[in-house]
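Enquirer: What follows is a structure written as structure tokens; I'll ask about it next.
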Ligand code: CTP
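In this note's numbering, the protein residues as written are 244 to 659.
Here it is as structure tokens:
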């Protein structure tokens, strides 16, 4: 039970959001102890956090009084988890190299409990390969990232780097609602309201972009419409929804938690780090199967008559989610130009999916960047055709089918 959270606040404008996070955690009856870096105190005073948490706030590694009352080792042992929010690029770099030159980095090095990191920084700092390498290293060590969001930044620039909203950080830390098996057993053509009440759904949507140089990238024709319609349908069905999205021209449903990504690698991390906290994963994104081996730092100049790009395979997100120890119910998509049933069933088995929704592309039947589509859905001992209709309707039918199949799977497990 995550009921003793150590909140580490670093120096950045997002520090004010950490005050709201403290308030939300306290409202959920979580005990909160706050530690701050020296620079964080320039943004929000320790007194604010003391008042909100009801506990004294520590800011220095070697503080005579604090060391006597509760040394940093004790504080690290006290916590059921640690969250660094906001985490600056500097703090992320320190953690990645195991430095321990202030209270926050020392606590993290001494900690044995789960650590969550909610970065906040300028978008160029976020995209800097050094920061991305540091983040990858932290993830490899099992530290959970609460990814920053896309939007306008305090510095006036726009991009990824804004700290996740306090409500979503709070939900991530303690929000694991127990999964309640819906009682309604509906057919896919019936109304879906309430059938996923209490269920957490993770959806990936849209295309990925694989950069070649600062101005060019490889992508595909996916519009994201199906994934976004599924997010809307899952919300209508009562689920809480996390939408991991590539760059698209659509407005995300307001009630969904949105995680903006660009590349297949970013989508892999965004999805796999969250999948085990969800009951259902729907991989509706058109993930690039290959990405350039090298991303040139400078624009590639026109020279030879012919040019070659060397590509390497990306990680299969869907297959990786299906292999997780606490895997959700996993639903894949397959876009095919020929032999649809053969390929779709092959992917269902090879990627160890619970269900796959296949559609034709490049044919009259529908496909990318259209408002209508039809699907042929397969699972291990059955299949169903969802005929041509609007993507909104189709998404509702697919959500109903997923709910029904998931219930059947759970009922079969209980019966064993
Ligand atoms: N997918 C994924 N990660 C990848 C590639 C694909 O999660 N790196 C997911 C897609 O989101 C989709 C499903 O896998 O749900 C099917 O994608 P597709 O590209 O059709 O499958 P492949 O196995 O790559 O087969 P194909 O040879 O048809 O490209």
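Virtual Cβ for every residue (Gly too), placed ideally from N, Cα, C.
Using a 10 Å radius around the Cβ and a threshold of 16 neighbouring Cβ atoms, would you call residue 349 buried or exposed?
Expert: Locating residue 349 in the chain shown gives position 106, where the first residue counts as 1. Its Cβ being crowded by 16 or more others within 10 Å, residue 349 is buried.
Enquirer: Beta carbon of residue 381, beta carbon of residue 646: below 8 Å?
Expert: For the purposes of this step, residue 381 is taken as residue 138 along the chain shown, with counting starting at 1. For the purposes of this step, residue 646 is taken as residue 403 along the chain shown, with counting starting at 1. Against a cut-off of 8 Å, the Cβ pair of residue 646 and residue 381 comes out as no contact.
Enquirer: Please name the residue or residues paired with residue 603 in a DSSP beta bridge.
Expert: Here residue 603 refers to the residue found at position 360 of the chain shown. Looking at the DSSP assignment, residue 603 forms a beta bridge with 579.
Enquirer: Can you check DSSP and say which residues form a bridge with residue 394?
Expert: Stepping through the chain shown from its first residue, residue 394 is reached at position 151. 402, per the DSSP bridge assignment.
Enquirer: Helix, strand or coil for residue 564 per DSSP?
Expert: Within the chain shown, residue 564 is the residue found at index 321, counting from 1. Residue 564 falls in the helix class under three-state DSSP.
Enquirer: Pick out whichever of 577, 548, 518 and 494 has its Cα sitting closest to the Cα of residue 530.
Expert: Stepping through the chain shown from its first residue, residue 530 is reached at position 287. Answer by Cα proximity: 577.
Enquirer: So, do the segment 401-415 and the segment 615-622 have three or more beta carbon pairs nearer to each other than 8 Å?
Expert: Taking 8 Å as the limit for Cβ pairs, the verdict is that the segment 615-622 does not touch the segment 401-415.
Enquirer: Between the Cα of residue 297 and the Cα atoms of 287, 281, 316 and 272, which residue gives the shortest distance?
Expert: For the purposes of this step, residue 297 is taken as the residue at position 54 of the chain shown. The candidate whose alpha carbon is nearest that of residue 297 is 272.
Enquirer: Between the alpha carbons of residue 597 and residue 640, how many angstroms are there, rounded?
Expert: The sequence position of residue 597 within the chain shown is 354, counting from 1. The sequence position of residue 640 within the chain shown is 397, counting from 1. Each residue's Cα considered, the two are about 17 Å apart.
Enquirer: Taking 7 Å as the cut-off, does the CB of residue 557 come closer than this to any heavy atom belonging to the ligand CTP?
Expert: Your numbering for residue 557 matches position 314 in the chain shown. Yes, since a heavy atom of the ligand CTP falls inside the 7 Å radius drawn around the Cβ of residue 557.
Enquirer: Quick one: grab the DSSP three-state call for residue 298.
Expert: Translated into the one-based positions of the chain shown, residue 298 becomes position 55. Here residue 298 sits in coil by DSSP.
Enquirer: Given this structure, state the Cα-to-Cα distance separating residue 249 from residue 449, to the nearest angstrom.
Expert: Position 6 of the chain shown, counting from 1, holds the residue named residue 249. Position 206 of the chain shown, counting from 1, holds the residue named residue 449. Residue 249 and residue 449: Cα-Cα distance of roughly 36 Å.
Enquirer: May I ask which residues mark the beginning and end of the alpha helix (DSSP H) holding residue 514?
Expert: Along the chain shown, one-based indexing puts residue 514 at 271. From DSSP, the alpha helix (DSSP H) with residue 514 extends over 507-515.
Enquirer: Looking at the structure shown, is residue 331 part of a helix, part of a strand, or coil, going by DSSP?
Expert: Stepping through the chain shown from its first residue, residue 331 is reached at position 88. Looking at residue 331 - three-state DSSP - the assignment turns out to be coil, as it is neither helix nor strand.
Enquirer: Return the chain-ordered list of same chain residues with a C-beta closer than 8 Å to the C-beta of residue 470, the five sequence neighbours on each side being excluded.
Expert: Mapped onto the chain shown, residue 470 falls at position 227. 446, 447, 448, 449, 486, 488, 525, 527 and 528, listed in sequence order.
Enquirer: Quick check: does the Cβ of residue 578 come within less than 7 Å of any heavy atom belonging to the ligand CTP?
Expert: In the chain shown, residue 578 corresponds to position 335, counting from 1. Within the cutoff, so yes.
Enquirer: Which residues does DSSP list as the beta-bridge partners of residue 633?
Expert: Working through the chain shown from its first residue, we reach residue 633 at position 390. DSSP output for residue 633 lists 615 as bridge partner(s).
Enquirer: Below 7 Å CB to CB, which residues in the same chain sit around residue 315 once its five sequence neighbours on both sides are set aside?
Expert: Taking the chain shown and counting its residues from 1, the one referred to as residue 315 is at position 72. Here the set comprises 304, 346, 349, 350 and 353.
Enquirer: Quick check: the Cα distance between residue 259 and residue 595, rounded to an integer number of angstroms?
Expert: Position 16 of the chain shown holds residue 259. Position 352 of the chain shown holds residue 595. Residue 259 and residue 595: Cα-Cα distance of roughly 44 Å.
Enquirer: Going by Cα to Cα distance, which pick from 565, 644, 391 and 263 is closest to residue 504?
Expert: Within the chain shown, numbered from 1, the residue matching residue 504 stands at position 261. Among 565, 644, 391 and 263, the Cα nearest to that of residue 504 is on 391.
Enquirer: Counting along the chain, where does the beta strand (DSSP E) carrying residue 247 start and finish?
Expert: Here residue 247 corresponds to residue number 4 of the chain shown, with the count starting at 1. That run of the beta strand (DSSP E) goes 247-252.
Enquirer: Hey, would you say the C-beta of residue 584 is under 7 Å away from at least one heavy atom of the ligand CTP?
Expert: As a working note, residue 584 is residue 341 in the chain shown. No, the beta carbon of residue 584 sits no closer than 7 Å to any heavy atom of the ligand CTP.
Enquirer: Do you know how far the Cα of residue 435 is from the Cα of residue 422?
Expert: Walking along the chain shown from the start, residue 422 turns up at place 179. Walking along the chain shown from the start, residue 435 turns up at place 192. Because the pLDDT at residue 422 is just 32, under 50, the model does not fix this residue reliably, and the value given afterwards should be weighed accordingly. Taking the straight line joining both Cα atoms gives about 18 Å.
Enquirer: In terms of alpha-carbon separation, which member of 545, 544, 523 and 552 lies closest to residue 537?
Expert: Within the chain shown, the letter at position 294 stands for residue 537. With distances taken between Cα atoms, residue 537 lies closest to 552.
Enquirer: Going by DSSP in three states, residue 364 sits in which element: helix, strand or coil?
Expert: Taking the first residue of the chain shown as position 1, residue 364 is located at position 121. Residue 364 falls in the coil class under three-state DSSP.
Enquirer: Let me know the secondary structure DSSP gives residue 322 once reduced to three states.
Expert: Residue mapping note: residue 322 aligns to position 79 of the chain shown, counting from 1. Three-state result, residue 322: coil.
Enquirer: I need the straight-line Cα distance from residue 359 to residue 397, nearest angstrom please.
Expert: One-based indexing of the chain shown puts residue 359 at position 116. One-based indexing of the chain shown puts residue 397 at position 154. Each residue's Cα considered, the two are about 23 Å apart.
Enquirer: Less than 8 Å between the CB atoms is what I'm expecting for residue 321 and residue 276, so what's the real figure, rounded?
Expert: Counting from one through the chain shown, the residue named residue 321 turns up at place 78. Counting from one through the chain shown, the residue named residue 276 turns up at place 33. At roughly 7 Å, the Cβ-Cβ gap stays under 8 Å, so residue 321 and residue 276 are in contact.
Enquirer: Please report the distance separating the alpha-carbon of residue 480 from that of residue 642.
Expert: Taking the chain shown and counting its residues from 1, the one referred to as residue 480 is at position 237. Taking the chain shown and counting its residues from 1, the one referred to as residue 642 is at position 399. Each residue's Cα considered, the two are about 8 Å apart.
Enquirer: Compute every distance between the C-beta of residue 560 and the non-hydrogen atoms of the ligand GDP, then say whether any falls below 7 Å.
Expert: The ligand GDP is not part of this structure, which contains only the ligand CTP.
Enquirer: Return helix, strand or coil for residue 453, following the three-state DSSP convention.
Expert: Here the question's residue 453 lines up with position 210 in the chain shown. Of the three classes helix, strand and coil, the one that applies to residue 453 here is strand, per DSSP.
Enquirer: CB of residue 528 to nearest heavy atom of the ligand CTP: below 7 Å?
Expert: Against the chain shown, residue 528 aligns to sequence position 285. Answer for residue 528: yes, Cβ within range of the ligand CTP.
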